[in-house]
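First residue of the sequence shown? That's 1 in UniProt numbering, and the numbers climb one at a time after it.
Report on the structure given below.
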Amino acid sequence: MSPPPFAINHRLCLVVYAGAFTLGLPLNLVALVALGVAARRRRLLPADVLLLNLTVADLALVASLPVRMAEAAWEATWKLPPALCPLFVFLFFTSVYLTTLSLTALSVDRYLSAAFPVQYRQRRRAAHAAVAAAGSWAAALGHCSVVYVAQPGPAGNGTACYTRFAGPQLATLLALRLEIFLVLFCLPLAITAFCYGRLVCIVAALPTAALGRKRRVVALAAATTAAFVLCFTPFNVSHVVGYLRRENPPWRAYAVLLTTLNACLDPLIFCFSSAALRRGLRQVWDAMGLGWLRARCRAPSERSGGMAGGAGGEALGLLACLGVGGTELEASQRASGLREPQGRALEAWGSCGGPQTSGDGLGGDKGQSQAGASGVAADPWAGLCDLG
């Protein structure tokens, strides 16, 4: 007696897609606006380009979710024009793998900033990040064009989009999926794990940093890697299972659900951990009439006019709103400027407070350029975690 067919809970799929769309769209739109505001205030950094690439990929993924919601409501039957099925699947999975490649590029940028602070800061250019972003688009678009090897097959009274394949189509598709698993998942995951693993080792070896600061660095690196593994591993494992069993695993529908959740996590983990983007976010809040919320979240030291006032106090207050806390940072600010550059780097990366703001309000770029003009080397560790 053959086992019963695998039944997909379409209501669950609909709920997850709707939730990811409801959360992911505003989060990524706010991140995009904050990134644009931050880019207008100072020169374009490589991390700006990489963050923009990641945000665009997440927005593309979120924009495709209404179609996924409709498909789930129709119980996996495709009621749209048949020609739109391969196009939709192509764009959806392109955005998924564009996200993995963008996450990898950001991990490399962070690792190089910590491992080679002087050499990398002298050579890093926004144009280099643009080339990396273009390469990620080319790799994702090229590999995901595999969807055009199969056309929707019959499924009951309607058609199923990208779930039923003929024998020759399935054989070709499974082999290409295995290649995608190796190139667009295993390789990026290995690079990301190496970069964040080495970054944690570098931070742990800094003798002048507070223990709490180190823990926050480790937590941020662990959260990034965990989100990568949680959101993308099940779906990519289905490629291997399908290749070994010579079938299209029916539980892939549940694995796809996890990939959509990453679009909600990226803005929280990456975009809002950037000091420059938080400054842009403050401007967005003020433009929306939510400045009162920022005022209530200001650090006590800023309200009392203490040494951590100004831009530093605002950063402390926003960190408190985001649940990071600012007690240790405030204490470290009361300390004299005897801290070593590595300690300042850890403070910047762990608290995501970014480099000190110069008098013109444009961040640390002006101060760095003045230092270069006077022949004094700029602090190579400044803004280590300031991705934007």
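Just so it is clear, CB atoms sit at the ideal spot from N, CA and C, and this is done for glycine as well.
Computed from a predicted model, the values in this text were never measured in an experiment.
Check: Assigned secondary structure, residue 159 (DSSP; H/G/I helix, E/B strand, else coil); Outcome: strand
Check: Alpha helix (DSSP H) runs wholly inside the stretch 125-206, at least 4 long, in chain order; Outcome: 126-144, 167-180, 187-204
Check: Option nearest residue 101 by Cα separation, candidates 206, 193, 185; Outcome: 185
Check: Of the listed residues 10, 173, 50, 145, nearest to residue 77 (C-alpha basis); Outcome: 10
Check: Closest Cα partner of residue 53 within the set 138, 166, 71; Outcome: 138
Check: Beta carbon of residue 174 nearer than 9 Å to that of residue 227; Outcome: no
Check: Limits of the alpha helix (DSSP H) - the one that residue 55 falls within; Outcome: 46-63
Check: Residue nearest to residue 96 in terms of C-alpha spacing, selected from 51, 57, 179; Outcome: 57
Check: CB contact flag (residue 188, residue 104, <9 Å); Outcome: yes
Check: Residue burial classification, residue 121 (beta-carbon count within 10 angstroms, cutoff 16); Outcome: buried
Check: Rounded C-alpha distance that separates residue 258 from residue 198; Outcome: 27 Å
Check: Residue from 221, 24, 165 with nearest C-alpha to residue 204; Outcome: 221
Check: Cβ distance (whole Å) where residue 397 is taken to contact residue 71 below 8 Å; Outcome: The structure shown does not extend to residue 397, since the chain is modelled only from 1 through 388, so no value can be given for it.
Check: Buried versus exposed call for residue 201 [16 or more other C-beta atoms within 10 Å across all chains shown]; Outcome: exposed
Check: DSSP three-state assignment for residue 71, whether helix, strand or coil; Outcome: helix
Check: Whole-angstrom distance between residue 134 and residue 29, CA atom to CA atom; Outcome: 22 Å
Check: CB of residue 31 within 9 Å of CB of residue 51, strictly; Outcome: yes
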